[in-house]
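Residue numbers (UniProt numbering), protein chains in the order written: chain A, 1 to 430; chain B, 1 to 430. For glycine and all other residues, C-beta sits at the position ideal for the given N, C-alpha and C. Read the structure below first, then the notes.
Spelled out as structure tokens, the structure:
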């Protein structure tokens with residue numbers, strides 16, 4: 001008698017459809033690899049009438065959560081609704097009914113991970129969430145298993161495809177933020193309200209999840225310093241290029257003896273850094289471990305099938321555990337309590353672009369302020385701007401952020417300084 | 001009472017020392033992540049007197065395999081001897097004593113994988129070998145678990161660090177093979193007998209392992225077409241650059257309806273391909289799945305700590321399985337029998353460099369032969385060489401290898417053709 005493990009699916013949007021398609025198309029491969037057939041028995045949706053774009057068996061759809069959580073045949077619940085409500089309640093309900101849960105929901109995992117893991121643990125269930133970060137790239141399993149022998153020193157990467165597409169376009173074509181945003185929206189890469197992407201909030205959730213696994217400590221979302229790409233101009237990109245850098249929106253997490261740094265912001269990285277070549281909607285995560293050294297993991301960070309690929313891998317792992325009656329082999333890994341450092345306590349190099357009046361002595365007065373705050377400068381470029389103003393482009397050596405912020409406060413007071421046009425951190429070089 | 005899982009180590013060379021160091025240095029992290037302490041109880045070496053370069057507890061060394069295989073406290077045996085004999089006998093002995101085995105031994109896994117997996121299965125043990133391919137890069141676990149929902153279409157990558165270092169040097173500095181080889185040997189990147197690396201045999205073992213997992217079929221090593229980098233000249237590298245390519249030694253495996261292609265050879269890849277930026281001793285594996293699309297995994301392919309990082313991850317997985325009494329959750333995945341296609345049956349584009357006499361009509365006669373064999377040309381560059389000879393650089397469209405070989409047989413007979421100087425396959429573009 002062939003064994004079958006039955007699955008309940010919550011949601012049938014883009015990712016849900018992808019999961020359904022992969023389980024159908026790769027069914028035989030999957031059955032051989034897991035040793036058991038995987039079958040979606042019920043799919044919970046909001047409306048039974050909507051056209052789903054794929055052929056579905058009669059009676060598979062339901063609007064009633066209980067049809068899934070109360071069905072003893074269903075062993076795995078897959079949540080691909082997105083958003084926190086009602087997904088969180090549904091997932092807790094599934095766990096409390098002893099179902100292993102696979103989710104692609106970064107919002108829910110980033111904000112309620114602890115509660116979810118407690119429920120999974122007390123019900124002896126698996127809770128897998130590979131698809132919640134970087135789509136098809138298997139970065140969660142890599143951190144939890146493949147690099148588990150390492151003390152992870154740094155994790156940083158391109159974990160938002162929309163902004164990477166936009167910055168790639170801006171770099172290649174020299175165009176401005178607003179034009180690129182409109183194009184990304186037209187292509188469906190950016191949403192009509194693009195705040196979550198361009199404001200860095202989507203990336204913040206993902207780096208919070210990655211950092212919590214890498215450093216084994218819970219990262220409260222409100223402690224993740226978050227800055228988006230809305231202030232990046234064609235001018236900044238052009239200066240970056242001139243200086244040998246490329247601008248990427250990075251999620252960055254570093255382990256330091258005093259605590260952990262977790263932040264999202266536009267970043268200068270050297271053109272020869274492996275992340276520099278990651279263009280368009282692709283994602284890539286760079287991980288440095290104390291044994292393995294530098295590693296990078298590259299792939300599609302979103303989309304129906306790439307994200308579903310990660311969901312299906314999780315389903316297969318959950319099924320293997322159920323078959324052998326050992327769900328929870330790898331559970332919550334946040335067994336430390338590390339402080340998250342404030343942005344002023346972090347260290348970086350800085351690119352600083354200033355609008356100044358074009359008069360003798362201006363550079364000297366600015367350099368003096370930086371010197372007073374112990375910010376040493378690595379390079380200075382002075383550019384003619386219009387008529388009586390000039391543009392100063394400075395790159396600092398590695399320094400504590402607070403010193404830079406203090407210096408900039410003073411610099412803004414100088415009569416010769418018209419504007420601090422932009423400040424962008426520099427990472428990825430020694 | 002704290003639980004301890006004890007380990008026997010076979011070999012204390014570079015990787016063995018790395019495993020010992022990581023288990024010591026990252027001990028607390030590892031204990032928390034696995035939920036149990038991992039401890040090396042015995043290390044088998046050939047001589048008790050040799051200086052090992054690290055402090056070791058009294059009595060940990062032994063020259064007697066039985067001290068490990070007969071010790072009921074030892075649950076995991078780690079084989080880092082390398083080579084097939086005596087490693088194979090030792091590992092079989094360990095499996096037959098019910099020990100889970102972790103190995104870094106590509107030769108043994110590539111040539112005797114089936115026997116090893118049978119022994120592991122019948123003794124209900126784990127057999128893990130992440131470190132056997134691409135050092136610290138977690139590519140085995142990625143294929144077996146993280147991308148398991150996919151039908152894998154292609155796996156190809158830079159899986160030999162020595163030759164990648166050499167080709168990187170040749171590309172950057174325009175120098176010749178022999179000079180670079182001497183430098184690599186002086187730096188310890190190449191062995192005094194470099195045949196396994198520069199001849200492609202090391203890469204052949206690794207791509208055989210990767211292909212067998214990706215396509216779920218055993219790949220006999222003798223069926224892997226293998227060509228090294230000894231024929232690559234500074235001239236080829238310069239032409240590659242001119243044509244928009246870079247030369248890498250790749251292991252390539254492709255799934256086709258008729259069978260699988262598995263081969264190792266120098267390869268032209270486009271400069272904008274993610275693998276093109278992988279320099280020095282770094283490795284990277286590119287995987288295309290029918291759901292996930294294009295992915296790439298990058299890191300150090302060799303060295304004490306990177307390789308040991310992979311070994312320790314395997315030890316941790318083996319320990320998790322032992323703790324829950326479920327070794328063998330993921331065993332042998334070769335449940336198909338696919339034919340391996342002969343090199344003549346494979347498809348590629350080809351770069352062909354010919355030395356010809358510099359006379360009218362030569363190109364026409366060569367083009368005619370290619371046309372007769374249905375090889376269509378994408379580009380032709382004619383270069384003046386010395387006095388009466390010229391160099392013809394051709395790039396073909398995608399075509400079956402046999403047609404190219406047949407055409408070249410005929411071309412060698414042409415009186416105007418002095419030499420077929422090199423033929424290099426082109427991959428990584430549509």
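Rounded straight-line distance, which links the Cα of residue j to that of residue i
i                     : j                     : result
residue 395 (chain A) : residue 377 (chain A) : 6 Å
residue 1 (chain B)   : residue 320 (chain A) : Low per-residue confidence applies at residue 1 (chain B): pLDDT is 45, beneath 50, and the placement is therefore not dependable, though the value from the model is reported in the following sentence. Cα to Cα, the separation comes out at about 30 Å.
residue 272 (chain A) : residue 222 (chain B) : 38 Å
residue 400 (chain B) : residue 373 (chain B) : 10 Å
residue 125 (chain A) : residue 24 (chain A)  : 25 Å
residue 161 (chain A) : residue 175 (chain A) : 18 Å
residue 351 (chain B) : residue 423 (chain B) : 6 Å
residue 117 (chain B) : residue 217 (chain B) : 13 Å
residue 184 (chain B) : residue 190 (chain B) : 5 Å
residue 298 (chain A) : residue 289 (chain B) : 13 Å
residue 251 (chain A) : residue 167 (chain A) : 15 Å
residue 426 (chain B) : residue 181 (chain B) : 24 Å
residue 52 (chain B)  : residue 40 (chain B)  : 15 Å
residue 47 (chain A)  : residue 69 (chain A)  : 19 Å
residue 282 (chain B) : residue 330 (chain A) : 30 Å
residue 277 (chain A) : residue 93 (chain B)  : 48 Å
residue 379 (chain B) : residue 154 (chain B) : 26 Å
residue 382 (chain B) : residue 291 (chain B) : 43 Å
residue 312 (chain B) : residue 77 (chain B)  : 12 Å
residue 101 (chain A) : residue 232 (chain A) : 40 Å
residue 201 (chain A) : residue 226 (chain A) : 7 Å
residue 353 (chain A) : residue 43 (chain A)  : 53 Å
residue 9 (chain B)   : residue 338 (chain B) : 36 Å
residue 418 (chain A) : residue 392 (chain A) : 11 Å
residue 171 (chain A) : residue 304 (chain B) : 39 Å
residue 242 (chain A) : residue 262 (chain A) : 29 Å
Under 8 Å by beta carbon: chain A residues contacting residue i
i                     : result
residue 431 (chain B) : Since the first and last residues shown for chain B are 1 and 430, residue 431 (chain B) lies out of range.
residue 317 (chain B) : 145
residue 433 (chain B) : Lying outside 1 to 430, the shown extent of chain B, residue 433 (chain B) is not represented and no answer is given.
residue 26 (chain B)  : 149, 150, 151, 290, 291
Selected residue, minimal CA-CA separation from residue i, among the options
i                     : options                    : result
residue 429 (chain B) : B:363, B:421, B:230, B:347 : B:347
residue 416 (chain A) : A:138, A:371, A:365, A:142 : A:365
residue 110 (chain A) : A:220, A:10, A:349         : A:220
residue 6 (chain A)   : A:337, A:318, A:33, A:425  : A:318
residue 82 (chain A)  : A:16, A:38, A:26           : A:16
residue 26 (chain A)  : B:335, B:148, B:387, B:357 : B:148
residue 247 (chain B) : B:269, B:314, B:193, B:90  : B:269
Partner residues on chain A for residue i, Cβ-Cβ distance less than 9 Å
i                     : result
residue 253 (chain B) : Neighbours of residue 253 (chain B) on chain A: none; closest Cβ ~16 Å, over 9 Å.
residue 270 (chain B) : The premise fails here: residue 270 (chain B) is roughly 12 Å from chain A at the closest Cβ pair, so nothing lies under 9 Å.
Exposure label - residue i; buried when at least 16 CB within 10 Å
i                     : result
residue 265 (chain A) : buried
residue 359 (chain A) : exposed
residue 3 (chain B)   : exposed
residue 99 (chain B)  : buried
residue 141 (chain A) : buried
residue 150 (chain B) : buried
residue 79 (chain A)  : buried
residue 32 (chain A)  : exposed
Chain-ordered neighbours of residue i on chain B, where CB pairs are closer than 8 Å
i                     : result
residue 297 (chain A) : 295, 296, 297, 298
residue 256 (chain A) : Within chain B, no residue comes near residue 256 (chain A); the closest Cβ sits about 16 Å away, beyond 8 Å.
Chain B contact residues for residue i, given Cβ-Cβ distances below 9 Å
i                     : result
residue 32 (chain A)  : 216, 333, 335, 336
residue 142 (chain A) : 138, 141, 142, 146, 297
Per-residue contacts from residue i into chain C (C-beta, under 8 Å)
i                     : result
residue 320 (chain B) : Absent from the structure: chain C. Protein chains present are A and B.
Residue i Cβ short of 7 Å to the ligand FMN heavy atom set
i                     : result
residue 284 (chain B) : The model on display carries no ligand, and the ligand FMN is accordingly not part of it.
Proximal chain B residues relative to residue i, where beta-carbon distance stays under 7 Å
i                     : result
residue 324 (chain A) : 326, 329
residue 22 (chain A)  : 149, 291
Partner residues on chain A for residue i, Cβ-Cβ distance less than 7 Å
i                     : result
residue 277 (chain B) : 274, 277
- Query: Can we say the stretch 308 to 326 of chain B touches the stretch 7 to 24 of chain A, given the rule of at least three CB pairs closer than 8 Å?
  - Reply: The answer is no - the stretch 7 to 24 of chain A does not touch the stretch 308 to 326 of chain B, with fewer than three Cβ pairs under 8 Å.
- Message: For the stretch 400 to 413 of chain A against the stretch 329 to 347 of chain A, do three or more pairs of beta-carbon atoms, one drawn from each stretch, fall closer than 8 Å, so that the two count as touching?
- Response: Segments in contact, yes.
- Query: Does the pairing of the stretch 299 to 315 of chain A with the stretch 120 to 139 of chain A give three or more beta-carbon distances under 8 Å?
  - Reply: Verdict: yes, contact present.
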